Amino acid sequence: MELIKYPSPNYGLRRDDTEIDFIILHYTAMSTENSLDRLCDPAHEVSCHYLIDQAGLCYQLVNENKRAWHAGKSYWRGYRDLNSRSLGIELVNLGNEIYPKAQMKRLISLLKHLTKSYEISPKNVLGHSDIAPSRKSDPGECFNWKELSNSGLALFPEASSPMNCDKTFFLAHAERAGFNPEASFEEILKTFRNRSRPNFRGPFDGYDCASMQKFADAFDVDE
Ligand SMILES: [Zn+2]
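Quick note: the sequence shown uses my numbering, first residue 4, plus one each step.
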């Protein structure tokens, strides 16, 4: 599959003791041209490994063995330097647009290749908002986690029935899954619903709890 080399100077070395075991998905919130400019501008100090535009063209900006600067201040399951452990994929999207079929198709083929090459578990394919819920919302409410899950590339925790619960229960399971315990209930509910119930706008309920419990349970399974 065609890969367009578009080297960015914005990268460093991965820490010696880390392996690549996460993939972080982002949206750019701007056009392809502006995204490429920004991700290659030394003044902005941001980058990613791959960028996929809305037509499905894939650009490689940073070599996989280098540490690209896409995650920023982040947290997952005790890890705080997610940049050293991950590959970052930017998707051209303003945040409120449907992700076109060609773009999702290219993303799925790239994820299949990367998860196989690095033996990355589908549960470690995360959104930027999962690892930074207090300051990020990408890949956003329009991103189709279910489609990735159908291809075995990410988790889509769908509850078949509600359970009795409260915010404390929800947060305990969120922490068990990997979310930052310092993030607020509202922040975690928002990012989690982007994944689990993207079109639901109602108040917090038993389906949110059951989905979060299911999500956390997936992380307890040894592989
Ligand atoms: Zn991002």
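From the three backbone atoms N, C-alpha and C, an ideal C-beta is built for every residue, glycine too. All figures in this text were calculated on a predicted structure; none of them were measured in a lab.
Query: Taking C-alpha atoms, which residue in 94, 93, 95 and 78 lies nearest to residue 87?; Result: 78
Query: Is any non-hydrogen atom of ligand 1 found closer than 7 Å to the C-beta of residue 3, if you look at the structure I gave you?; Result: This structure leaves residue 3 out entirely; the chain is present only between 4 and 226.
Query: Pull up the distance between the alpha-carbon of residue 186 and that of residue 137, whole angstroms please.; Result: 6 Å
Query: Is it buried or exposed for residue 118, if we count other Cβ within 10 angstroms and need 16 for buried?; Result: buried
Query: How would you call residue 8, buried or exposed, if buried means at least 16 neighbouring beta carbons within 10 angstroms?; Result: exposed
Query: Restricting to Cα atoms, I'd like to know which of 64, 198, 214 and 120 is closest to residue 142.; Result: 198
Query: Checking the sheet assignment: what are the DSSP bridge partners for residue 8?; Result: 63
Query: Kindly examine ligand 1 and report whether one of its heavy atoms sits closer than 7 Å to the Cβ of residue 176.; Result: no
Query: Identify, in the order they occur along the chain, each residue of the same chain with its Cβ nearer than 7 Å to the Cβ of residue 100, setting aside the five sequence neighbours on each side.; Result: 145
Query: Closer than 7 Å: is that where the CB of residue 47 sits relative to any heavy atom of ligand 2?; Result: No copy of ligand 2 occurs in the structure displayed; its ligands are ligand 1 alone.
Query: If you follow the beta strand (DSSP E) that residue 54 is part of, which residue opens it and which one closes it?; Result: 53 to 55
Query: Within this structure, are the beta carbons of residue 43 and residue 113 separated by less than 8 Å?; Result: no
Query: Report the three-state DSSP secondary structure of residue 129 (helix, strand or coil).; Result: strand
Query: Hey, quick one: how far does the alpha helix (DSSP H) through residue 90 stretch, first residue to last?; Result: Note, residue 90: premise wrong, no alpha helix (DSSP H); beta strand (DSSP E) at 89 to 94.
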